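A short worksheet on the structure shown next.
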Amino acid sequence: MTATDERTAGASAPAGRSPALPAWAGLLLAAGALLPLALGLLLASGRPPEARLSALQLAGSRAAVEAVVGEHSATYLAALRAELWLIGGYGLTLPAAALLGGYVLGRRHRLGPALVAGVGGLLAAGCDLGANLLLRPGLEHAGSGTPFAVAAALTTVSRLLLLPAGVTAAGLLAVTAARAVRGLRPATAKPGGDADPDRPALIPPWPVLTRHGRTPHGSRHEPPRHEPPQHEPPQRKAPVADAPGTPGTPDTHAHWRDAGRVPPGREPAELGFCASGGGIRSACVTLGALQALRPWLKRARYLVSVSGGGYTVGALQLALSDSAPGSPVHAVSGLTADTVMEPGSPEEDHLRRHSKYIADGTGEWLVALGTLLRGVLSALTLLLAAVLVLGLGLSRFYHAVPLTDLDALSAAGLRHPGAVPGGLGFRAPALAALGVLLAAAACCWLLWLLAFPPLGWHALLPRTLRRLNYAALALAGLLALGVLAVPGLAWGSVRLQQALAAGPRLTGAGLSLTVVLSYLALLLGILWRDRRTIGSGVRAAAGALRGAGRIGGGLTANLPQYLVVWAALGTLTAGALLALGWAVATGYAWPTAVQVLLPLVLGAVGLNLDQTWMSLHPFYRLRLASAFAVRRATEGGRSLARQYDFYREQTWLSHYAARHPDFPQVIFSAAANLSGNSRTPPGRRAVSFSLSYDYVGGPDVGYARTDLLERRTRRHIARDLTVQSAMAVSGAAFSSAMGRQSRVYQGLFAVTNARLGTWLPNPAELGPAWSGAPDWRRPGQPAVRRLPYQLRELTGRFPADDRFLLTTDGGHYENLGLVELLRHRVRTAVCIDASGDSGYAANLAAAITLAREELGIVITLHQPELLIPGSATADRETPLHGLAAQLSDRLSARGVITGDVHYPAVEGEPGSERHGTLIVLQAVLTADMPYELQSYAVANRAFPNDETSDQWFDHQQFDAYQTLGRYLGEQAGPVIEQALSAATATGAAPPAAVPAQPQGSSAAAPDRPVEDRAGERAEERAEG
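Letter 108 of the sequence shown, counting from 1, is numbered 481 in this note's numbering, and no numbers are missing.
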């Protein structure tokens, strides 16, 4: 790795970490942390075996103590003295494990585990010590029962603290030992060499890119040292890092500059295209538009795609691609930018015949439904096993430490004859301790309110009171959970089992019903196609009720769907709670083989099964490839489209997405879901994440070189770094996290692992692994995306510093790809909008707003009201005739509009302020569109806004949307040429000459304005 790579890769390493000790020292420290506990166990092993210390410590009254001790008070006093060694042992081991774990994990991760293991261990040891000090004089001298009650309360708190503290400490020591052992292994060379040492391997995310707002040495990352292509004019260097600025001058546009960073080599350009999301609908419109705009597409520098637009863009890219070196398949097509996917080509015909790409025919439908069912069964089985293992652990804990006596529940839960669960006997000292903690929290809160005003140097007092309030509330919550909630859940589960007389048959029926309901809810969420019809009926019914307006149109429109999803989620939640309660009540009485094998099997499966394997992402990727991954071949003198061999030929981004002559660089726009609002734009839960042949990532999470990422990532994870996977990720419309488009059924997708997105490596966390610095404390990339990643989806926790990011549909960030295109500061931006906004351009408005907030780019549209349905009849001198008259309320005055784009100046670069033009092609109906489109629109009310959930287009839908896209492209061609000519006239770098229009292309002549062509078309129809 070069010095540049080491600088850029190491920039994202955790700051402020001390030099690492040798790996063998870390292993010795991990073993040494266990030494006090081992000595304590050894010294305490001499206590009398007949002494039941837990029963004594939790007795709570003198009468209960006398019933436990009897005539053996001397024996119990000896046991209490021996236990002091054990208290001292774990009182030293738990803080030592917390300190060692904090040293290994680093500052960003050490606070939580340190508080749980270290502070929890110290508090538990203090409570145990206080309980023993109260019990000893109580046993030696007769008196009141108050010391025993206080001792029982302290013991309850101690045991509840020891459970999470001990588990956390064990985890910290295991992590330390595992990383130390890995550090002792001989270092091996990283796979794959650095083919381009002048290009940085990593570009860190902007929050940690520099110190004091500057890059190291106040410089930018230099772009690759290569000559620009002949057809591309040289441009000013793109802002890929922080500008030095003027020392002592505040950087007023820091956020805009940081959010506008792009990888090196991506220069500001004269022309760029973006294609919106919208599933197969957008794919068809994009295909027609790009066919008509081929002369200008060849001159473009960037082609950004989102979701459905990426289907067509990926198909164009793959049809142009040669086979990779060593691939068993060899391209024989000889396609160029002039001929790829041209009208009447084998590739276009293949797309038309496979527009029902998800499933077409009974066999494919059975495979699709079976794949979904397989994922539901595997996910629910794995989660049920995790719930049972958790219940088993809690059952063993309550059996050893009877905070609440649950022994009477096990026989009834296991359906022993005549067994009846009794009532729960809550211990009064534990309830008293809960009340004391709540009272203490209330007192601290009231004192904090009184001390909150500024008190000069006494400001430490409010902070201390606030922390004490939080600590008391946390302890009270833990006590309520351990003494009330979990025992109450166990008792309620067994009582319900007894009331229903639930046996194996009824339990199996309940599990089957849960699976079926979850499956049906998933199908409803995925295949919901007639929401408008049902929603309109529901709204009409709700309008007759008082307060229907307060219900909200969005809720009533989707109410049937929401009811089914809520029912499924409620059933799953109730089933999980009942299973947990039953396992807590009966787990310790299960057969020994079950108690041993169940955790072992769960650990083996959960640690080795990749969550993405069992999701819908591989199936979705395969089905997309079946329709859009083709190349032209010649067999027997006949040209035909041949599908890529999905399993034998991996379409790696670094090779198959490489830029072709006279074709723009393809950038697949996706979204990386992050929890919290510190990094995501307001109102969104995701940031931009793009995939291209040169870099993968985004300004908020950093960029990683694609070729190195492919070689340095585990092979089965690297399969998600192919062109086919990029198309699927960019179009992962439904997932457990959906950024700005969050919906109620996300929880169902998380539980059932039914998602189209995938977990991709986080560029921000690759720096330490790629820097080559020998620090054994740094975690390696996981071999598989294990069960904890599904648990992250269940809890909605997606930290920005995780090693993997949940990457989903680009529409979850911005559905047009316009913001990503403008991030590259193109002078003329062409946006193909088939996002299905029902004519009100909501996605266009959202993109304009996001560009202003994140990049400081101001867009002023020219006559945007012309896009609104019904605007064709406004101020129209001649009335509409024929089919156009029947569509008057749905016709827009124009389908192509323009706007002015103003880019802010880049800090430290005088004269970098830039102006440009935005050209929007929106899928709307207009009066001068072809007759066949008018006829289709009359017969199909939803056109051109068929639901995105409808991914089963027939040939009529395909042809209609493709024709609409071609018509919009014909209208936009002259406008693009005028914008390029205007840019040249204002002194910009002159664009290359317009290539000759390919034969058979339907593109409009570049020197004819859109108004003239619209008038000609109207005159032709009148003459006809």
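The beta-carbon is built from N, C-alpha and C at its ideal position, and this holds for glycine as well. Remember, it's a predicted structure, so these values are computed and weren't measured experimentally.
Taking just the CA atoms, how far does residue 1153 sit from residue 478?
-> As a working mapping, residue 478 is identified with position 105 in the sequence shown. As a working mapping, residue 1153 is identified with position 780 in the sequence shown. Distance between the alpha carbons of residue 478 and residue 1153: 12 Å.
Reduced DSSP category for residue 730 - H, G, I as helix; E, B as strand; rest coil = Stepping through the sequence shown from its first residue, residue 730 is reached at position 357. It is coil, neither helix nor strand.
Inspect the beta-carbon positions of residue 1093 and residue 946 and report whether they are closer than 9 Å.
-> Mapped onto the sequence shown, residue 1093 falls at position 720. Mapped onto the sequence shown, residue 946 falls at position 573. Against a cut-off of 9 Å, the Cβ pair of residue 946 and residue 1093 comes out as no contact.
Can you tell me the Cα-Cα spacing of residue 575 and residue 1069, whole angstroms?
-> For this step, residue 575 is matched to residue 202 along the sequence shown. For this step, residue 1069 is matched to residue 696 along the sequence shown. So the alpha carbons of these two residues sit roughly 10 Å apart.
Which listed residue (1269, 898, 863 and 1010) has its alpha carbon closest to that of residue 1301 = Within the sequence shown, the letter at position 928 stands for residue 1301. For the residues 1269, 898, 863 and 1010, the minimum Cα distance to residue 1301 belongs to 1269.
So residue 1075 packs on residue 1108, CB below 8 Å; how close in whole Å?
-> Translated into the one-based positions of the sequence shown, residue 1075 becomes position 702. Translated into the one-based positions of the sequence shown, residue 1108 becomes position 735. Wrong, their Cβ atoms sit about 22 Å apart, outside the cutoff.
Segments assigned alpha helix (DSSP H), at least 4 residues, entirely inside the segment 744-793 | 780-786
Touching by the beta-carbon criterion (3+ pairs, under 8 Å), the segment 401-410 and the segment 541-551 = yes
What span of residues does the beta strand (DSSP E) with residue 1075 cover, start to end?
-> Taking the first residue of the sequence shown as position 1, residue 1075 is located at position 702. It spans 1075-1078 - the beta strand (DSSP E) in which residue 1075 sits, taken as one unbroken run.
Go ahead and pull the three-state DSSP assignment for residue 1001.
-> Here residue 1001 is taken as the residue at index 628 of the sequence shown, counted from 1. It is helical.
Rank 1203, 1325 and 890 by C-alpha distance to the C-alpha of residue 1191 and give the top, closest one.
-> One-based indexing of the sequence shown puts residue 1191 at position 818. Checked all of 1203, 1325 and 890; the closest Cα to residue 1191 is 1203.
Neighbour-count burial assignment, residue 1142, 16 or more Cβ in a 10 Å radius = Start at 1 with the first residue of the sequence shown, and residue 1142 comes out as number 769. With 16 or more Cβ atoms within 10 Å of its Cβ, residue 1142 is classed as buried.
Could you pull the start and end residues of the alpha helix (DSSP H) that residue 446 belongs to?
-> Position 73 of the sequence shown, counting from 1, holds the residue named residue 446. Here the alpha helix (DSSP H) through residue 446 covers 446-478.
Spatial distance of residue 317 from residue 687 (CA atoms) = Only positions 374 to 1397 of the chain appear in this structure, which leaves residue 317 out of reach.
Expected contact under 8 Å - CB spacing of residue 1336 and residue 661 to nearest Å | On the sequence shown, position 963 is the one that residue 1336 refers to. On the sequence shown, position 288 is the one that residue 661 refers to. Indeed, because the Cβ distance is near 6 Å, the residues count as touching under 8 Å.
Rounded straight-line distance, which links the Cα of residue 437 to that of residue 517 | In the sequence shown, residue 517 corresponds to position 144, counting from 1. In the sequence shown, residue 437 corresponds to position 64, counting from 1. Computed Cα separation, rounded: 12 Å.
How far does the alpha helix (DSSP H) with residue 501 in it reach, from first residue to last?
-> Numbered from its first residue, the sequence shown carries residue 501 at position 128. Taken as a continuous stretch (DSSP letters only), the alpha helix (DSSP H) holding residue 501 covers 493-513.
Run through the segment 979-1035 for me and flag every whole beta strand (DSSP E) of 3 or more residues, listed as ranges in chain order.
-> 1003-1008 and 1011-1016
In terms of residues, what are the limits of the alpha helix (DSSP H) holding residue 868?
-> The count along the sequence shown starts at 1 and reaches residue 868 at position 495. First-last of the alpha helix (DSSP H) with residue 868: 859-873.
By Cβ distance, which residues of its chain are closer than 8 Å to residue 1324, with the 5 residues on each side in sequence left out?
-> Position 951 of the sequence shown, counting from 1, holds the residue named residue 1324. Result list for residue 1324: 652, 653, 729, 730 and 731, in chain order.
Leaving aside the five residues before and after residue 795 along the sequence, list all residues of the same chain whose C-beta is less than 6 Å from its C-beta, in chain order.
-> Locating residue 795 in the sequence shown gives position 422, where the first residue counts as 1. Same-chain partners within the cutoff: 781.
Report the option in 393, 501, 524 and 1275 whose CA atom is closest to the CA atom of residue 460.
-> Reading the sequence shown from its first residue, position 87 is the one you call residue 460. Among 393, 501, 524 and 1275, the Cα nearest to that of residue 460 is on 501.
Contacting residues, own chain, Cβ-Cβ under 8 Å from residue 775 (five flanking each side not counted) = Working through the sequence shown from its first residue, we reach residue 775 at position 402. Contacts found: 427, 428 and 431.
Bridge partners - residue 1038, DSSP secondary structure assignment | What you label residue 1038 is simply residue 665 of the sequence shown in a count that begins at 1. In DSSP, residue 1038 forms a bridge with 675.
Reference residue 646; option with closest CA among 498, 1189, 1169 and 1180 | Residue mapping note: residue 646 aligns to position 273 of the sequence shown, counting from 1. When only C-alpha atoms are compared, the closest one is 1189.
Do residue 642 and residue 1198 come within 9 Å of each other at the CB atom, strictly closer than that value?
-> As a first step, residue 1198 must be located in the sequence shown, where it is residue number 825. As a first step, residue 642 must be located in the sequence shown, where it is residue number 269. Contact: yes.
Consult DSSP for residue 1164 and reduce its assignment to one of helix, strand or coil.
-> Within the sequence shown, residue 1164 is the residue found at index 791, counting from 1. The answer is helix: DSSP assigns residue 1164 an H, G or I state.
Distance, Cα to Cα, residue 904 vs residue 896?
-> In the sequence shown, residue 904 corresponds to position 531, counting from 1. In the sequence shown, residue 896 corresponds to position 523, counting from 1. Low local confidence applies: a pLDDT of 42 at residue 904 is under 50, so the model's placement there is unreliable, with the coordinate-based value given in what follows. Straight-line Cα distance between these residues: approximately 14 Å.
For residue 1269, which of helix, strand or coil comes out of DSSP?
-> Within the sequence shown, the letter at position 896 stands for residue 1269. Strand.
From residue 1240 to residue 1201, what does the alpha carbon distance come to, in whole angstroms?
-> The residue labelled residue 1240 in the question sits at position 867 within the sequence shown. The residue labelled residue 1201 in the question sits at position 828 within the sequence shown. So the two alpha carbons sit approximately 20 Å from each other.
Along the chain, where does the beta strand (DSSP E) that runs through residue 1110 open and close?
-> Along the sequence shown, one-based indexing puts residue 1110 at 737. Run containing residue 1110: none; DSSP gives neither H nor E here.
Is residue 1132 helix, strand or coil when you go by DSSP?
-> One-based indexing of the sequence shown puts residue 1132 at position 759. Strand.
When the distance is taken between beta carbons, is residue 1125 closer than 9 Å to residue 802?
-> For the purposes of this step, residue 802 is taken as the residue at position 429 of the sequence shown. For the purposes of this step, residue 1125 is taken as the residue at position 752 of the sequence shown. Against a cut-off of 9 Å, the Cβ pair of residue 1125 and residue 802 comes out as no contact.
6 Å Cβ shell around residue 1266 - same chain, five flanking residues per side excluded | Here residue 1266 corresponds to residue number 893 of the sequence shown, with the count starting at 1. Excluding positions up to five away in sequence, the list reads 1239, 1244 and 1245.
Kindly indicate which residue of 812, 533, 558 and 934 has the alpha-carbon position closest to the one of residue 858.
-> Here residue 858 corresponds to residue number 485 of the sequence shown, with the count starting at 1. For residue 858, the nearest C-alpha among the options comes from 533.
Please state whether DSSP places residue 1048 in a helix, a strand or coil.
-> Against the sequence shown, residue 1048 aligns to sequence position 675. Here residue 1048 sits in coil by DSSP.
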